[in-house]
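Asks: The structure follows.
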Amino acid sequence: MVTQIDIDTAWVLKQLKKGEQAVADFKAEATKIEHTMDKLNKQVSPDFMTRYIEVKEGLASEIRADQFTKLKQAFVDSQLAVQAFIETDAKLGGKG
1 MVTQIDIDTA
11 WVLKQLKKGE
21 QAVADFKAEA
31 TKIEHTMDKL
41 NKQVSPDFMT
51 RYIEVKEGLA
61 SEIRADQFTK
71 LKQAFVDSQL
81 AVQAFIETDA
91 KLGGKG
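Each residue of the sequence shown is one higher than the one before, counting from 1 in our numbering.
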């Protein structure tokens, strides 16, 4: 029984690490987009204005939807890992 808890604990920790990595990746992507936006803000000129607005709106609306999806999935995986651990603990006589 101890082995089962150790395996579940390792799995839970692995899932939590994946969640942490997804958050770190998302923050890195957001920082990259923020730096791009800062560069665009410094490049504004009368003949550049139309393209600037298009790019700025595109970046603001996009913000990498796949990053949101990965982040959401990592949170779901982490929640499932914790839930599975609690259920296993309860089956083994823990208070859950």
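By construction, the Cβ of each residue, glycine as well, lies at the ideal position given by its N, Cα and C atoms.
Between which residues of its own chain and L16 is the CB-CB distance below 6 Å, once the five residues before and five after are set aside?
Replies: Once the five neighbours on either side are set aside, the close Cβ partners of L16 are S78.
Asks: Let's test the definition: count the other Cβ atoms within 10 Å of the Cβ of V82 and tell me whether it reaches 16, buried, or not, exposed.
Replies: Answer is exposed; the Cβ neighbour count stays below 16.
Asks: Taking the straight line between their C-alpha atoms, what separation do you get for D38 and E57?
Replies: Cα to Cα, D38 sits roughly 13 Å from E57.
Asks: Measure the alpha-carbon distance for N41 versus V76 and round it to whole angstroms.
Replies: Taking the straight line joining both Cα atoms gives about 36 Å.
Asks: Nearest to T31 by alpha carbon, out of K72, A90, F48, L59?
Replies: Checked all of K72, A90, F48, L59; the closest Cα to T31 is L59.
Asks: Output the residue ranges of the alpha helix (DSSP H) runs that lie fully inside the stretch 12-88 and measure 4 residues or longer, sorted by chain position.
Replies: 49-62, all fully within the stretch 12-88.
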